[in-house]
Amino acid sequence: MTHHDQPHDPVPARVQRPCSLLTSLLLGVCFFIGLLLLCEGLFRWTDLDRVFNWRSLGTYHGQFEIKWFELKDYARANGGVDVLLLGNSMVNTGIDPDVLTAEYETLSGERLRVFNFGVEGLTVAPNSVIARVLAARYHPGTIIFFTEMRDYAANNGLEVERQLLTDEWMTARQGGRETVRAWLIENSSVLQHLLFFRNWSRADFLDASLMQARRFADTTPSGYEPDANVGENIDIPPDPADPEEQEDFMLFSDFSIDADRLEDLKSILELREGGTLVIITEMPVHPNYFTYFGGEGAHDEYLEKLVPFIKENGGVYLPPPAWQRIPLFSRVDHHHLNVIGAILHSRMLAQNLADLCLNQGTCLQPAAQGEIAP
Amino acid sequence: MNVTALLFFACAALAALVYQRLAPRWRIPWLLVISAAFVVTWSWLFVLVLLVFSGLNYALGRLSDPVKAHARAWARAGVIVNILFLFLFKYSDFYLPQFSAMLSSLGMLAPGSALQMLLPVGLSFLMVQNISYLLDVVNRRLPAEKNFIHFCVYIFYFPKLLSGPVERARTFLPKLASPLRVDRPLLERSAALISTGLLRKLVLANPLFNLIPAQAFITPLDYPGQNLVFWLLAYTFALYNDFAGYTAIVRGVSLWFGIELSANFNLPYYARNFTEFWNRWHITLSNWLRDYIYYPLAWSLRRRFAQQNHFFNIFLPPMVTLLVSGLWHGLSWNMLVWGALHGLFLVLERLPSLGKTVVPVNKLPLWRQRLGTTLTFVLAALAWVPFRMPLPLALKYWQGMLRWTTPDFLGLARTVAGWSPVSGWSQFNLPSPILLIVLAAAIFFDHLQHRAGTEEFMLSQPRWFQVLLIMLLLLVALLAFFSDTTAPFVYQGF
């Protein structure tokens, strides 16, 4: 009887040889790269990109990134974009492109693809850069830039401008040095998704990312972010003694138009040289807003300088709808509109634009034929 | 150059390849060259300071040779010189402002910035190594090193330069003279140490540090007590994983040169009492303190107070040793309190021995061992508070930990159900779930090491798990490359 025949032999314990960690290291690297490539393919060639739409460019400005990706998706879905609305948070929450498009079509008979690229905190300086970048990429027929007095205060928005415009990726988009990092961010879809989680180990990550995800969800495909809040005491002028208002009073009480900022406006107006129609307008803010700058008189003085400058540089100035036509309950504060205000304003803006087209011959231009978004 | 940087590994690998190709007599000079090059990445002035430091200690070592006259006096002088050197550079913050102000008032140039520029990295670690060298020479435990280049490598050797391990010359110099053969098993061990170290640093320590809001250590009373408790736990594990990770990385890199550096950590939070804790935490420094402070003091006291259980014999050696440890970490009241607390814990642990024979900890019933582990962990964690922040803030932090507020579970449920808009996490007064996950991972990581019984536990894991950990490490490293946060090694500050 051999030992194989013994019925009650215990099963010999399997000798576990330790795995080679060096081999595992190599396998880990290969699998990781393979997984990244697989995800890249899935994000590029399937609709997975839209299911997981939280993306980032690694910049400091979360809302700018939302608009960037929404515009990319919008252009992809609609075959391009005809009209870009640029400005700050007032534009972001104050114009619904879908309402504007529908109203304009009713009045003028032309259906245009309009996208709201209003980004909070951006003055004319970063907007002039963004306008050039977007014009080069999407070739819109028309750019409507919503400007306001704060754009021309020399000390306003400097930090946002510095952080956004000096970003490695943004620098490359402006025609600066294309680094490996910037190239990867621009071209890798999987990296853009991963970048959303790049600060996962920061204490404020959950707060910031949940908010960012919510804003991604709230922003409509045409770039409008509705605000449901209703402001209080809008008909009362801001009080310089109120500690919460003091910063704005300090920034704007000695308001004067900064020459450099005018140059930035000029660079937006120069986009007409590439065939883009540039319209400059304002939002219908409540007149109490001008208290920070010294009252409505200061605004009139500002317009007396700004409007001729726009015309001298070949631009079109479109006066905003009368502020009285937007009731107080349609406002969030002195200068932002809520969801009702945005609908009202979008209609009025469409009427003004149609009026400009029908009566003055300056019509919104669609993107040139064949100019399709990347 | 940071030891987690890709460039560091690339340069070290290249240097190791050259080292293996060189004839044996050129290898040690080569180690000196690459170590000096590593120092130059911080500042070339550091090389000069370290050369002066090495030359001085080399000469003092030769003079401390017991066959020579006045050897003991030279050794004592050497110890004092090293301590002065430490004060001159490292603790300059304490005297330079006043000194500079005095010179400025006399119209003279203040030396502050020059001294700070020259501050060599890892000076505290170098100082204790030199003191041990001089004392070992004079006590005939080690012959004075005759080869200046060998001695310089003992000081400069780049893997241990920044934050140790604190190597003794009597163990390091023989390893230098006859290094291990760098073969496949050694490279496997090296890979295990490096991957463990990187996982500890990048996946556990950095996130745990960063997940604690900076303001928590500045205005602790602004936060709910339960969050302060979890942040202290996070800090407790972050600090350990940071230093243990660093040590594992440099030990792994050192193996590329066939030189095995001493282990520094052995699951300190598994310690069943504080004596065990100090045999598991920063082992090389603890052993140094034991050999050069604790034992000499204990023997000296025993000569004065013959009774073994005399209060002074019980109280003074641990208290003085841990106070010195506190001062080594930083010349400040909070570090002193941290040392004093640990000293106190050790004294309290010894008090029962005054009245009866103490049962060794491993002979105690299991429940008492577990209780001991829990108590030791809780007290060690509480003691990290003054380690992290100045005393007034530490007191506030301890106070704040008792002020719990009811978490907003209802709000959380409403948000999860989609009835309330998502607007953040901090409104719920709950610790971050990410922090809890990383904490759980840190505990699991230690559990793996405990089960395997070795720091090189990666070697005994199944293939799929090894691959998974490597992929996790790569993912975290990729995110860290693009992230807006950095977390330098804490112990590089000492």
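So the protein lines, in turn, are chains A and B.
Quick note: the first sequence uses the working numbering, first residue 2, plus one each step.
Quick note: the second sequence uses the working numbering, first residue 59, plus one each step.
Virtual Cβ for every residue (Gly too), placed ideally from N, Cα, C.
Examine chain A for any beta-carbon lying closer than 8 Å to the beta-carbon of V480 of chain B, and answer yes or no.
In the second sequence, the residue the question calls residue 480 of chain B occupies position 422. Yes - at least one Cβ of chain A is within 8 Å of the one on V480 of chain B.
Kindly list the residues whose CB is nearer than 6 Å to the CB of V534 of chain B, restricted to its own chain and excluding five residues on each side of it in sequence; keep chain order.
Along the second sequence, one-based indexing puts residue 534 of chain B at 476. L260 and V261.
Could you tell me which of B:D194, B:L279, B:A329 and B:E318 sits nearest to Y215 of chain B, measuring between CA atoms?
Here residue 215 of chain B corresponds to residue number 157 of the second sequence, with the count starting at 1. Closest option to Y215 of chain B, Cα to Cα, is B:E318.
Give me the Cα-Cα distance between L146 of chain B and V443 of chain B, rounded to the nearest whole angstrom.
If you number the second sequence from 1, residue 146 of chain B lands on position 88. If you number the second sequence from 1, residue 443 of chain B lands on position 385. In this model, L146 of chain B and V443 of chain B are separated by some 28 Å (Cα to Cα).
Quick one: is D300 of chain B near chain A, going by C-beta distance under 8 Å?
For the purposes of this step, residue 300 of chain B is taken as the residue at position 242 of the second sequence. With a threshold of 8 Å between beta carbons, D300 of chain B makes no contact with chain A.
Tell me the DSSP secondary structure of G119 of chain A in three-state form.
Translated into positions along the first sequence, residue 119 of chain A becomes position 118. Per DSSP, reduced to three states, the secondary structure at G119 of chain A is strand.
For T434 of chain B, which of helix, strand or coil comes out of DSSP?
Numbered from its first residue, the second sequence carries residue 434 of chain B at position 376. Helix, per DSSP.
Provide the residue span of the alpha helix (DSSP H) that contains V211 of chain B, from first to last.
Taking the second sequence and counting its residues from 1, the one referred to as residue 211 of chain B is at position 153. Counting along the chain, the unbroken alpha helix (DSSP H) around V211 of chain B starts and ends at F206 to F214.
Can you list, in chain order, the stretches of the beta strand (DSSP E) that have 3 or more residues and sit fully within the segment 408 to 476 of chain B?
Counting only runs of 3 or more, we get nothing.
Taking the alpha-carbon positions, what's the L494 of chain B to W522 of chain B distance?
Numbered from 1 along the second sequence, position 436 holds the residue referred to as residue 494 of chain B. Numbered from 1 along the second sequence, position 464 holds the residue referred to as residue 522 of chain B. Taking the straight line joining both Cα atoms gives about 25 Å.
I'd like the list of long-range same chain contacts for G119 of chain B, defined as Cβ closer than 8 Å, with 5 residues on each side in sequence excluded.
Within the second sequence, numbered from 1, the residue matching residue 119 of chain B stands at position 61. The answer, listed in chain order, is G136, Y191, L192, V195, A202, E203 and F209.
Does DSSP put I86 of chain B in a helix, in a strand, or in coil?
Reading the second sequence from its first residue, position 28 is the one you call residue 86 of chain B. In the structure shown, I86 of chain B sits in a helix (DSSP, three-state: H, G or I).
For the segment 169 to 181 of chain A and the segment 189 to 200 of chain A, state whether three or more C-beta atom pairs, one from each stretch, are separated by less than 8 Å.
No, the segment 169 to 181 of chain A does not touch the segment 189 to 200 of chain A.
Against chain A, which members of the segment 482 to 510 of chain B pass a CB distance test of less than 7 Å?
Of all residues in the segment 482 to 510 of chain B, G482, W483, S484, S490 and I492 have a Cβ within less than 7 Å of some Cβ in chain A.
N-terminal and C-terminal residue of the beta strand (DSSP E) that G88 of chain A is part of
For this step, residue 88 of chain A is matched to residue 87 along the first sequence. Start and end: V84 to G88.
Taking T254 of chain B and A306 of chain B to be in contact with their CB atoms under 8 Å, please state how far apart those CB atoms are, rounded to whole angstroms.
Translated into positions along the second sequence, residue 254 of chain B becomes position 196. Translated into positions along the second sequence, residue 306 of chain B becomes position 248. Indeed they touch by this definition, with Cβ atoms about 5 Å apart.
Which residues mark the beginning and the end of the alpha helix (DSSP H) in which Y77 of chain B is found?
Here residue 77 of chain B refers to the residue found at position 19 when the second sequence is read from its first residue. L64 to R79 is the span of the alpha helix (DSSP H), which, as asked, contains Y77 of chain B.
What is the rounded straight-line gap between the Cα of L266 of chain A and the Cα of G275 of chain A?
The sequence position of residue 266 of chain A within the first sequence is 265, counting from 1. The sequence position of residue 275 of chain A within the first sequence is 274, counting from 1. Rounded to the nearest angstrom, the gap between the Cα atoms of L266 of chain A and G275 of chain A is 16 Å.
F146 of chain A in three-state terms, based on DSSP:
Position 145 of the first sequence, counted from the first residue, corresponds to residue 146 of chain A. In the three-state DSSP reduction, F146 of chain A falls in the strand class (E or B).
To the nearest angstrom, how far is it from the Cα of Y303 of chain A to the Cα of A155 of chain A?
As a position in the first sequence, residue 303 of chain A is number 302, starting the count at 1. As a position in the first sequence, residue 155 of chain A is number 154, starting the count at 1. About 14 Å.
Any Cβ of chain A within less than 8 Å of the Cβ of F66 of chain B?
In the second sequence, counting from the first residue as 1, residue 66 of chain B sits at position 8. Closer than 8 Å: no.
Less than 8 Å separating the beta-carbons of L123 of chain A and V161 of chain A?
As a first step, residue 123 of chain A must be located in the first sequence, where it is residue number 122. As a first step, residue 161 of chain A must be located in the first sequence, where it is residue number 160. The answer is yes: Cβ separation under 8 Å.
Closer than 8 Å to chain B by CB, C40 of chain A:
Your numbering for residue 40 of chain A matches position 39 in the first sequence. With 8 Å as the cut-off, C40 of chain A does not count as an interface residue toward chain B.
State the DSSP-derived secondary structure class of V224 of chain B, mapped to helix, strand or coil.
The residue you call residue 224 of chain B lines up with position 166 of the second sequence. Coil.
Please classify S411 of chain B as buried or exposed, where buried requires at least 16 neighbouring CB atoms within 10 angstroms.
Start at 1 with the first residue of the second sequence, and residue 411 of chain B comes out as number 353. A residue is called buried when at least 16 other Cβ atoms come within 10 angstroms of its Cβ; S411 of chain B does not meet this threshold and is exposed.
Could you check the C-alpha separation between G310 of chain B and N205 of chain B for me, to the nearest Å?
Within the second sequence, the letter at position 252 stands for residue 310 of chain B. Within the second sequence, the letter at position 147 stands for residue 205 of chain B. Their backbone Cα atoms lie some 27 Å apart in a straight line.
Residues, ordered as in the chain, of the segment 39 to 63 of chain A that lie near chain E by beta-carbon distance below 7 Å
Structure shown: chain E not included; protein chains present are A and B.
Between F267 of chain B and A296 of chain B, is the Cβ-Cβ spacing less than 8 Å?
The count along the second sequence starts at 1 and reaches residue 267 of chain B at position 209. The count along the second sequence starts at 1 and reaches residue 296 of chain B at position 238. Taking a C-beta distance under 8 Å as the contact criterion, F267 of chain B and A296 of chain B qualify as a contact pair.
Taking 7 Å as the cut-off, is the CB of P237 of chain B close to at least one heavy atom of the ligand GDP?
The model on display carries no ligand, and the ligand GDP is accordingly not part of it.
Is V392 of chain A near W324 of chain A, with beta carbons less than 8 Å apart?
With chain A covering only 2 through 375, there is no way to say anything about residue 392 of chain A.
Inter-residue spacing [alpha-carbon to alpha-carbon] between S1 of chain A and A103 of chain A:
This structure cannot settle anything about residue 1 of chain A, because the visible part of chain A is limited to 2 through 375.
With C-beta atoms as the reference, is H387 of chain B less than 8 Å away from M393 of chain B?
Taking the second sequence and counting its residues from 1, the one referred to as residue 387 of chain B is at position 329. Taking the second sequence and counting its residues from 1, the one referred to as residue 393 of chain B is at position 335. Yes, the Cβ-Cβ distance between H387 of chain B and M393 of chain B is below 8 Å.
Looking only at DSSP bridge pairs, what is V279 of chain A linked to?
Taking the first sequence and counting its residues from 1, one reaches residue 279 of chain A at position 278. DSSP output for V279 of chain A lists A:I144 as bridge partner(s).
Quick one: grab the DSSP three-state call for L319 of chain A.
One-based indexing of the first sequence puts residue 319 of chain A at position 318. Here DSSP, grouped into helix, strand and coil, assigns L319 of chain A to strand.
With DSSP as the reference, label L269 of chain B as helix, strand or coil.
In the second sequence, counting from the first residue as 1, residue 269 of chain B sits at position 211. DSSP, read as helix, strand or coil, puts L269 of chain B in coil.
Using a Cβ-Cβ cut-off of 8 Å, state whether F32 of chain A counts as contacting chain B.
Start at 1 with the first residue of the first sequence, and residue 32 of chain A comes out as number 31. At least one CB atom of chain B sits nearer than 8 Å to the CB of F32 of chain A.
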